[in-house]
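*Asks:* Residue numbers (the working numbering): 15 to 149.
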């Protein structure tokens, strides 16, 4: 299979992560400053264990009027994490996203450590490239 058919070609290796004991204030500022919509929550070994999104912060912290400095990531993050491997095909990754209703997939290497992120935008870029190839 062509290299462009795999997650490793399309993923963003510049994934930003946080830990479960970080406060939401710091996480929200980082997301704002970096113009990103989520952070992957990792354990001490850089293994993904959750994800925190702007939607999580709005629904759990802002809507409940909780001071962001008083609540930790582990109280807000989603721990039902859907993960893809660097060796997965883009078709498999797209299937994982659609069946799980997620827009971001943390990407792990063979050692299960976080090495990147694949977003719905990356899937769109892949599909657009496939369409151009066919014309």
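Think of the CB as a built atom: it goes at the ideal place given N, C-alpha and C, for glycine as much as any other residue.
Tell me, which residues are paired with residue 118 by DSSP?
*Replies:* Within the chain shown, numbered from 1, the residue matching residue 118 stands at position 104. Its beta-bridge partners are 133.
*Asks:* I'd like the span of the beta strand (DSSP E) that includes residue 66, first residue to last.
*Replies:* For the purposes of this step, residue 66 is identified with residue 52 of the chain shown, where counting begins at 1. Note, residue 66: beta strand (DSSP E), 62 to 67.
*Asks:* Counting C-beta neighbours from all protein chains within 10 Å, is the total for residue 55 16 or more, i.e. buried, or is it exposed?
*Replies:* Within the chain shown, the letter at position 41 stands for residue 55. Looking at its Cβ environment, which holds 16 or more other Cβ atoms inside 10 Å, residue 55 is buried.
*Asks:* Can you tell me whether residue 102 is buried or exposed? The criterion is at least 16 other CB atoms within 10 Å of its CB, across all chains shown.
*Replies:* As a working note, residue 102 is residue 88 in the chain shown. With 16 or more Cβ atoms within 10 Å of its Cβ, residue 102 is classed as buried.
*Asks:* With contact counted as at least three CB pairs below 8 Å, one residue from each stretch, are the segment 35 to 44 and the segment 78 to 96 in contact?
*Replies:* At 8 Å Cβ cutoff, the stretches touch.
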